[in-house]
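Report on the following structure.
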DNA sequence: CTTGTCTTGACAAATATTGGCTAATATAAT
DNA sequence: ATTATATTAGCCAATATTTGTCAAGACAAG
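Protein chains in written order, with this note's numbering: chain A, 1 to 97; chain B, 101 to 197.
As structure tokens, this is what we get:
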């Protein structure tokens with residue numbers, strides 16, 4: 001199953017032997033913030049995702065899609081009629097909105 | 101296509117010849133707020149949807165589903181990879197999250 | 001022109017979000 | 001065990017967003 005964006009970022013970072021503080025300085029935020037982002041404790045801003053893709057040499061589109069999926073999940077988690085609503089939205093956007 | 105929640109509410113209200121201020125008082129908000137809710141200019145709170153279903157003798161589940169679809173739309177509108185993200189989320193929730 | 005309904009915009013108060021700091025906790029090496 | 005480095009947790013202040021209230025405007029009916 002598709003991971004959450006935070007998991008993906010941590011995976012990319014550790015595979016390249018980068019430290020939190022190294023990524024943090026490039027992203028210009030405190031180390032603790034990145035740590036929280038990776039663990040899903042803090043939301044990640046869209047522009048930050050793009051920057052992270054560059055820092056980590058990752059596919060920007062892939063990360064942005066994960067990011068968006070996280071946003072959607074935030075909205076529908078714990079919702080009883082999530083499936084119905086998703087279906088309806090899917091239809092709607094296929095028609096060019 | 102499924103209407104937005106606001107449209108549906110206005111439809112229900114006018115068909116029953118109810119005035120904004122009548123619904124407003126039952127919902128305990130200012131008239132202007134309802135007006136904006138119906139036109140999608142102000143977000144509607146989840147609890148308010150349930151109350152509105154009672155006031156308007158509508159199906160609570162239907163309204164809540166419309167409400168949720170609106171929430172999702174807010175997130176994905178203007179997003180390039182909306183379809184991809186939606187697909188992934190749909191899969192994820194089918195597996196019981 | 002008066003009345004009633006609905007809409008709109010401006011404003012302030014309340015709430016939420018954000019990031020930084022610092023201290024605490026791991027983890028690893030010697 | 002001590003040192004060095006990495007990560008995480010908690011709290012605070014600044015900022016942004018949301019919220020409701022109010023007054024004024026638009027519009028139609030009589």
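Virtual Cβ for every residue (Gly too), placed ideally from N, Cα, C.
The structure displayed is predicted, hence computed values, not measured ones.
Item to complete: Flag this pair as yes or no: are the beta carbons of residue 2 of chain A and residue 66 of chain A separated by less than 8 Å?
Response: Cβ atoms of residue 2 of chain A and residue 66 of chain A: closer than 8 Å.
Practice prompt. Could you tell me whether any Cβ in chain B is nearer than 8 Å to the Cβ of residue 65 of chain A?
Written response: With 8 Å as the cut-off, residue 65 of chain A counts as an interface residue toward chain B.
Item to complete: Output the distance between the C-alpha atoms of residue 78 of chain A and residue 32 of chain A, rounded to the nearest integer angstrom.
Response: Roughly 28 Å separates the two Cα atoms.
Worksheet item: Using the C-alpha atoms, what's the distance from residue 115 of chain B back to residue 127 of chain B?
Response: Roughly 18 Å between the two C-alpha positions.
Worksheet item: Should residue 136 of chain B be flagged as near chain A, meaning a C-beta pair shorter than 8 Å?
Response: No, no contact with chain A.
Discussion item. At the 8 Å Cβ level, is residue 190 of chain B part of the contact set with chain A, yes or no?
Written reply: Judged by the 8 Å Cβ criterion, residue 190 of chain B is in contact with chain A.
Fill in: Enclosing alpha helix (DSSP H) for residue 183 of chain B [first to last residue]
DSSP places residue 183 of chain B in the uninterrupted alpha helix (DSSP H) bounded by 182-194.
Worksheet item: Can you tell which of A:45, A:24 and A:36 has its C-alpha closest to the C-alpha of residue 68 of chain A?
Response: When only C-alpha atoms are compared, the closest one is A:45.
Worksheet item: What residues in its chain sit with their C-beta under 6 Å from that of residue 134 of chain B, if we drop five residues either side in the sequence?
Response: In the same chain as residue 134 of chain B, and ignoring 5 residues on each side of it, the C-beta atoms closer than 6 Å to its own belong to 120, 123 and 124, in chain order.
Worksheet item: Under three-state DSSP, which class holds residue 159 of chain B?
Response: Reduced to three states, the DSSP call for residue 159 of chain B is coil.
Worksheet item: When we look at the beta-carbon of residue 170 of chain B and count the other beta-carbons within 10 Å, is it buried (16 or more) or exposed?
Response: Result: buried.
Worksheet entry | Helix, strand or coil at residue 60 of chain B [DSSP, three-state] | In this structure chain B extends from 101 to 197, so residue 60 of chain B is not present and cannot be described.
Discussion item. Less than 8 Å between the C-beta atoms of residue 46 of chain B and residue 49 of chain A, yes or no?
Written reply: Any answer about residue 46 of chain B is impossible in this case: the structure gives chain B only from 101 up to 197.
Item to complete: Reducing DSSP to helix, strand and coil, say where residue 70 of chain A ends up.
Response: Note: residue 70 of chain A maps to helix in three-state DSSP.
Item to complete: Go ahead and pull the three-state DSSP assignment for residue 8 of chain A.
Response: Helix.
Discussion item. Using beta carbons (cut-off 8 Å, strictly below), is residue 84 of chain A in contact with chain B?
Written reply: Closer than 8 Å: yes.
Fill in: Inter-residue Cα distance where the pair is residue 163 of chain B and residue 106 of chain B
Rounded to whole angstroms, residue 163 of chain B to residue 106 of chain B spans 10 Å at the Cα level.
Worksheet item: With a Cβ-Cβ cutoff of 8 Å, do residue 112 of chain B and residue 158 of chain B count as a contact?
Response: Annotated as proximal: residue 112 of chain B and residue 158 of chain B, with beta-carbon spacing under 8 Å.
Item to complete: Flag residue 175 of chain B as yes if its beta-carbon sits less than 8 Å from any beta-carbon of chain A, otherwise no.
Response: Judged by the 8 Å Cβ criterion, residue 175 of chain B is in contact with chain A.
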